[in-house]
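Trainee: Under full-length UniProt numbering, read the sequence shown as residues 1 to 67, first letter to last. A virtual CB, placed ideally from N, CA and C, is assigned to each residue, including glycine.
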Amino acid sequence: MTTQETTKSKTTKQTTDKQFSKTAFLESAASTKERLEYEVVLQEGKVYSKKEADKLVADWKKKGVTI
């Protein structure tokens, strides 16, 4: 009887999220409302992960309006 040894290649999960520009978020927005939120919150020249951008939008919504 022979034994065979199988080796499984290890896959390393990247810990960093992909980063996108403001323009990329605006072009990929699913709705006009989502596009407007990104337009208001995100800054030109900076890059964001999807998670970061969504958190900025959520925080902005919670902030409310001051008179």
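Do you know whose CA, among Val47, Phe20, Glu52, Leu26, lies nearest valine 40's CA?
Mentor: For valine 40, the nearest C-alpha among the options comes from Leu26.
Trainee: Under a three-way DSSP split, which group does serine 28 fall into?
Mentor: Helix.
Trainee: Between the Cα of lysine 18 and those of Val65, Lys50, Val57, spot the shortest distance and give me the residue it belongs to.
Mentor: Nearest option by C-alpha distance: Lys50.
Trainee: Mark leucine 36 as exposed unless 16 or more other C-beta atoms lie within 10 angstroms of its C-beta, in which case mark it buried.
Mentor: Result: exposed.
Trainee: What do you get for alanine 53, buried or exposed, if any count of 16 or more other CB atoms within 10 angstroms of its CB means buried?
Mentor: Alanine 53 is buried by the Cβ-count criterion.
Trainee: Would you grab the beta carbon distance between valine 57 and phenylalanine 20 for me? Rounded to a whole angstrom, and I think it's under 8 Å.
Mentor: Valine 57 to phenylalanine 20, Cβ: 14 Å. No contact.
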